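This report refers to the structure that appears directly beneath it.
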Amino acid sequence: LHYTKEERREIKRKEEKKRERKRNKEKGREKKRKEEKKRERKRKKEKGREIKRKEEKKRERKRKKEKGREKKRKEEKKRERKRKKEKGREKKRKEEKKRTTKSVLSTT
1 LHYTKEERRE
11 IKRKEEKKRE
21 RKRNKEKGRE
31 KKRKEEKKRE
41 RKRKKEKGRE
51 IKRKEEKKRE
61 RKRKKEKGRE
71 KKRKEEKKRE
81 RKRKKEKGRE
91 KKRKEEKKRT
101 TKSVLSTT
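Under UniProt numbering, the first residue of the sequence shown is numbered 1, with each subsequent residue one higher.
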């Protein structure tokens, strides 16, 4: 088969267009892949951040609970000390009463 110069040029042009379309398609696919990878990385990062946030909240709750427990322990100690003091005072009062009643009895 023999083509004229013009026909050969036309065939070459069509083939070049075909190749160009193929290249563009591949470029598009590559771009999509890159964007997908980017999105995936973003998702992973966000997931990591979310996990860290949850862990931090958990730690914060633990700290608060511990703080509350510590406060209760301190208050209990305080109450215990007060009770002991009061007991001591009561004992002293009773002893003082005994002493005064003894001295009163001995004088009469």
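C-beta atoms are modelled at their ideal positions from N, C-alpha and C, and glycine is treated no differently.
Remember, predicted model here, so these are calculated numbers, not experimental data.
Collapsing the DSSP output to three states places Thr101 in a helix. Secondary structure of Thr4 (DSSP, three-state): coil. Distance between Ser106 and Glu96, taken at the CA atoms: about 15 angstroms. Between the alpha carbons of Thr101 and Lys94 lies a distance of about 10 angstroms.
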